Amino acid sequence: MCSQCCLGDTAVILKVASVHLISYEQEEGGERLHENFLSDHQLGKKKYEAEYVSGWSGLRGFIRYCRFTHINLTVPVFQSPGSASFGMSVFNLGNAIMGSGILGLSYAMANTGIAMFVILLVAVAIFSLYSLRSVLLCSLVYEQLGYKAFGIPGKLAASCSITMQNFGAMASYLYIVKYELPIVIKAFLDSNDNSWYTNGDYLVLIVTMAIILPLSLLKNLGYLGYTSGFSLLCMVFFLIVVIYKKFQIPCQLPENFINITVNVSQPQVNTTDEECCKPKYFVFNSQTVYAVPILTFAFVCHPAILPMYEELKDRSRRKMQNVANVSFLGMFVMYLLAALFGYLTFNEAVEPELLHTYSKVYNFDVVLLIVRFAVLTAVTLTVPVVLFPIRTSVNQLLGASKEFSWPRHICITVALLVCVNILVIFVPTIRDIFGFIGASAAAMLIFILPSAFYIKLVKKESMKSVQKMGATLFLIVGFMVMIGSMALIIADWIHNAGSSGEHADGH
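All residue numbers for the sequence shown refer to the UniProt record's numbering, where the first residue is 1 and numbers rise by one.
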């Protein structure tokens with residue numbers, strides 16, 4: 001691994017060809033070395049890119065190599081100092097948590113009621129924090145956790161879950177382009193003309209080919225990492241506007257808007273204006289099954305937790321857990337406020353994508369136009385960053401031992417973008433993306449994989465211990481959430497398909 005070593009009084013110089021390690025932790029009674037082999041590009045990092053090769057990590061790798069081969073080396077072991085402060089780590093983790101899921105939370109509240117939504121939001125947040133703790137205790141990247149616990153099947157399960165989650169994130173970002181860009185263009189043109197240049201399907205293809213594809217073809221997208229921070233700021237601005245608009249939009253919405261929107265999302269409900277203005281605390285209908293998947297989709301950040309842990313200054317598991325606690329508390333407050341004020345504004349008439357619902361009330365509004373433009377810019381620039389780890393995963397699967405190949409690089413990128421565009425064009429609503437990915441990949445990443453890894457890898461605790469019993473219960477709950485949600489969502493799809501067929505025959 002080391003091509004040259006030079007020990008002096010004050011310096012140790014190492015030339016390292018490839019080092020993938022990192023994690024030292026101070027414990028009571030001494031210092032323990034803990035392996036953490038990180039791949040070149042972390043898979044599944046939502047809006048988070050970093051490189052983990054440094055001189056100190058090379059030194060530790062060389063010392064570890066010498067110890068393994070019984071070479072006597074009287075050089076102290078140095079801990080690689082992280083550069084991220086507590087506050088910056090909280091912000092970075094908030095970036096990883098926050099995504100397009102916030103736009104669907106008002107819809108989830110409309111179909112569960114305020115009280116039930118708060119209960120579910122608290123439960124998912126607590127479960128997510130608990131699973132983060134399990135990942136930190138194992139201190140390995142998700143793919144390596146899967147391999148160490150269950151071999152190749154475990155690694156594939158982790159890799160596929162992360163890839164699906166990122167693919168769903170890409171699809172949700174392009175859905176926002178499909179929904180919002182036509183509204184922005186119509187506002188600038190001051191026209192309601194339904195020409196091809198205001199067709200969402202065409203615009204998604206144009207944005208993909210003109211902006212996303214060229215950026216995605218670059219070998220290194222590190223300079224786009226700042227877009228995650230911009231995206232978070234856009235969502236904060238969006239939240240402020242949602243709260244502000246609640247006090248501007250009257251409860252008595254236009255009758256045709258209420259009828260059309262309610263009939264689309266809840267065809268079995270007959271709603272009057274008076275009922276629409278009264279918030280409900282407990283609701284159960286055919287759309288309630290999407291609530292938990294939407295919430296799990298909104299809270300996934302687990303693949304990014306260990307890369308952030310490695311950059312934390314004076315890192316320890318307790319400190320990283322505190323970072324997670326503060327970040328989740330901040331996101332919990334933002335999610336609750338966005339869902340609550342969005343729901344109170346439109347009540348049962350809220351759409352699966354909250355920002356699009358405002359277009360039914362305002363033909364042109366400067367503040368909302370600024371929000372739309374900022375969100376569109378953020379999500380468009382974020383798609384290449386989210387695509388990057390998926391392509392790396394596929395590339396390693398197809399030819400990990402091969403040198404970089406432009407034809408392979410281009411083919412994988414184009415294939416991924418073609419697939420996600422087909423999904424966005426033909427799947428009718430963003431709700432289906434939130435629901436399916438939240439019920440499958442997000443449930444795996446939050447509930448199932450962390451508990452399974454903890455049960456398998458933490459040998460020092462017996463299965464009768466409180467921790468192992470809790471992890472087992474968590475695993476069972478995860479399977480129940482995933483299987484139950486998927487079954488109900490598929491049943492809803494079948495029911496809607498049957499209803500559409502009946503309406504078509506009737507007309």
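All C-beta atoms, glycine included, are put in the ideal place defined by N, C-alpha and C.
Predicted, not measured: the structure shown is a model, and the values here were computed from it.
Inset, instruction - Ignoring anything shorter than 4 residues or poking outside the segment 300-350, list the alpha helix (DSSP H) runs there in chain order. - result: 305-311, 317-346
Inset, instruction - Just the C-alpha distance for Met334 and Val236, rounded to the nearest angstrom, thanks. - result: 8 Å
Inset, instruction - Report the option in Ile489, Phe188, Thr413, Phe238 whose CA atom is closest to the CA atom of Arg431. - result: Ile489
Inset, instruction - Would you kindly work out how many angstroms separate the C-alpha atoms of Leu21 and Tyr202, rounded to a whole number? - result: Caution is warranted here: a pLDDT of 34 is assigned to Leu21, below 50, making its placement in the model unreliable, and the coordinate value is therefore given only provisionally. Looking at the two C-alpha atoms, the distance is approximately 45 Å.
Inset, instruction - Since I believe Gly438 is in contact with Phe297 (beta carbons under 8 Å), could you give me their beta-carbon distance rounded to a whole number of angstroms? - result: 4 Å
Inset, instruction - State yes or no: is the C-beta of Phe299 within less than 9 Å of the C-beta of Pro352? - result: no
Legend entry - Exposure of Leu103, with buried meaning 16 or more beta-carbon neighbours within 10 Å: buried
Inset, instruction - With a 10 Å radius around its C-beta and 16 neighbouring C-beta atoms as the bar for buried, classify Phe447 as buried or exposed. - result: buried
Legend entry - Neighbourhood of Gly200 by C-beta distance below 6 Å, restricted to the same chain and skipping five residues each side: Lys178, Pro182
Legend entry - Those residues which DSSP pairs with Ala84 across a bridge: Leu312
Legend entry - Every unbroken alpha helix (DSSP H) within the segment 197-243, with a cutoff of 4 residues, ordered by chain: 200-207, 213-216
Legend entry - The alpha helix (DSSP H) enclosing Pro153, as first and last residue numbers: 142-189
Inset, instruction - Could you pull out every residue in the same chain whose Cβ sits closer than 6 Å to the Cβ of Val326, ignoring the five residues on either side in sequence? - result: If the five residues before and after Val326 are omitted, its C-beta is found closer than 6 Å to the C-beta atoms of Val90, all from its own chain and listed in chain order.
Legend entry - Distance, Pro279 Cα to Ala442 Cα: Answer to the nearest angstrom: the Cα atoms are 29 Å apart.
Inset, instruction - For the alpha helix (DSSP H) containing Lys456, list its first residue and its last residue. - result: 449-457
Legend entry - Start-to-end residues for the alpha helix (DSSP H) that takes in Gly435: Taken as a continuous stretch (DSSP letters only), the alpha helix (DSSP H) holding Gly435 covers 430-437.
Inset, instruction - Please find out if some non-hydrogen atom of the ligand FAD comes closer than 8 Å to the beta-carbon of Ile448. - result: Within the structure as shown, the ligand FAD is missing, as the structure has no ligands at all.
Inset, instruction - Flag this pair as yes or no: are the beta carbons of Phe301 and Ser451 separated by less than 9 Å? - result: Per the sequence shown, the amino acid found at residue 301 is Cys instead of Phe. Taking 9 Å as the Cβ cut-off, Cys301 and Ser451 do not qualify as a contacting pair.
Inset, instruction - Give the DSSP-derived three-state secondary structure of Ser106 in the structure shown. - result: helix
Inset, instruction - Within the same chain, show all residues whose beta-carbon is closer than 8 Å to that of Thr380, passing over the 5 residues directly before and after it, in chain order. - result: Closer than 8 Å at Cβ, skipping near neighbours: Tyr173, Val177, Val207, Ile211, Ile212.
Inset, instruction - Using 10 angstroms around the beta-carbon of Lys47, count the other beta-carbons present and answer buried if the total reaches 16, otherwise exposed. - result: Annotation note: pLDDT 37 at Lys47 (below 50); position unreliable, coordinate value reported separately. When all chains shown are included, Lys47 counts as buried.
Legend entry - Ser286 to Asp492 span [Cα, whole Å]: 7 Å
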